[in-house]
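Numbering (the working numbering), first residue to last: 47 to 436.
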């Protein structure tokens, strides 16, 4: 609620800090316009109108750069701390709003009127105040940043306006949000704003705590693993075990530039192997597995010959007749040429021994200029031996 009576006061401009009523605050001032305001207040024995500039980085703000709502303050103490700086203590008396600023060579004065809160019905006021106190308790339990003395003081404050002022001044929130709380005249809305800020701070504090706990757990796990590995290394050293073999295998794996999933898997198996005694049967199995993976040609490739005429020529040179077979092979090669890939296609040749199944496959490899690999499965009676389940 605005009081229509106005008074002319010197203006003390803060940056990066928002003043509130019911607050006693000490700070240093050094800017020319601030020293002028303090001098005027002392000379004329008047209060100060303390407001905040919108951009804290601006060294020389104009009247348009200042918020119009601030606090009328009493100068409590003044100490000189240097040629260009003074330390002063002010006490916030009540909220004020300027009807106009006036400026003389960068030095500000203002015509100010008092602004008081508009209180809701008593039962509504108590409800909003109770919610805000509850939110403060929740935040205090989670966040170590807020002083227990401050919380105890606030919980003992019965006046809701004073509660909001003290809490808003001390909360670690954006200055623009503090200014919004200062400017709001409806007490219920002020309590709602401060409850919302407390809720956001509590959520952030809980999230920070969870992240910190996870980081701590991860660090402790890494330290434990490091300690155990160092112990294992010392034991191997005492037993005369040589880790050069494992190191060499690890370097070979990393040098292969295999797919990430494959590399992760084989390194995991190598770590298992490194923790086993070389006399263990599983050690031999894992060593064979790692060697086999390293020998796979992950990054080795060749360039296919794409000439169908050349392919037909080679097929005719190697085989007489077999027109349907050669026609199907040429069709397959044509599709591969058009699509640019084969997608893991399989050609199956069926027939008794000696009819030319292997020689046709050899001709296909020669036509494509690919390396030909032959795996003989003669005598294999169980597919598990191929799939590796034995």
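Even glycine gets a Cβ: it sits at the ideal position worked out from N, Cα and C.
Looking only at DSSP bridge pairs, what is residue i linked to?
i	result
residue 119	94 and 138
residue 74	133
residue 146	157
residue 53	158
residue 124	134
residue 59	97
Which of the three DSSP states is assigned to residue i in this structure?
i	result
residue 425	coil
residue 160	strand
residue 113	coil
residue 206	helix
residue 68	coil
residue 232	strand
residue 193	coil
residue 176	helix
residue 219	coil
residue 436	With a pLDDT of only 46 at residue 436, under 50, the local geometry of the prediction cannot be trusted, and no value is derived from it.
residue 106	coil
residue 405	helix
residue 88	helix
residue 362	helix
residue 410	helix
residue 325	coil
residue 385	helix
residue 392	coil
residue 419	coil
residue 270	helix
residue 295	helix
residue 304	coil
residue 166	coil
residue 368	coil
residue 342	coil
Within 10 angstroms of the Cβ of residue i, are there 16 or more other Cβ atoms? Answer buried if so, exposed if not.
i	result
residue 126	exposed
residue 163	buried
residue 327	exposed
residue 436	Confidence at residue 436 is low in this model, with a pLDDT of 46, below 50, so the placement of that residue should be treated as unreliable; the coordinate-derived value is given next. It is exposed - the Cβ of residue 436 has fewer than 16 other Cβ atoms within 10 Å.
residue 107	buried
residue 118	buried
residue 346	exposed
residue 398	exposed
residue 273	exposed
residue 393	exposed
residue 230	buried
residue 75	buried
residue 255	exposed
residue 441	The requested residue 441 does not occur in the structure, where the chain is confined to residues 47 to 436.
residue 144	buried
residue 432	exposed
residue 64	buried
residue 342	exposed
residue 323	exposed
residue 406	buried
residue 103	exposed
residue 426	exposed
Tell me whether the beta-carbon of residue i lies closer than 8 angstroms to the beta-carbon of residue j.
i	j	result
residue 462	residue 304	In the structure as shown, the chain begins at 47 and stops at 436. Residue 462 is therefore absent and cannot be evaluated.
residue 84	residue 156	no
residue 138	residue 67	yes
residue 228	residue 141	yes
residue 136	residue 71	yes
residue 99	residue 146	no
residue 177	residue 242	no
residue 335	residue 315	yes
residue 158	residue 55	yes
residue 298	residue 257	no
residue 59	residue 209	no
residue 87	residue 121	yes
residue 245	residue 181	yes
residue 370	residue 361	no
residue 278	residue 321	yes
Examine chain C for any beta-carbon lying closer than 8 angstroms to the beta-carbon of residue i, and answer yes or no.
i	result
residue 202	Protein chain content of the structure displayed is limited to a single chain, and chain C is not contained in it.
Legend entry - Meets three-Cβ-pair contact criterion under 8 angstroms: the region 119 to 138 and the region 186 to 201: no
Inset, instruction - Pair every Cβ in the region 227 to 246 with every Cβ in the region 165 to 172, then say whether three or more of these pairs are closer than 8 angstroms. - result: yes
Legend entry - the region 366 to 383 contacting the region 395 to 410, beta-carbon criterion three pairs below 8 angstroms: yes
Legend entry - Three-pair Cβ contact test at 8 angstroms for the region 214 to 225 versus the region 141 to 150: Segments in contact, no.
Inset, instruction - Count the CB pairs spanning the region 288 to 304 and the region 246 to 264 that are closer than 8 angstroms, and state whether there are at least three. - result: no
Inset, instruction - Take every Cβ of the region 181 to 196, pair it with every Cβ of the region 76 to 96, and state whether three or more of those distances are shorter than 8 angstroms. - result: no
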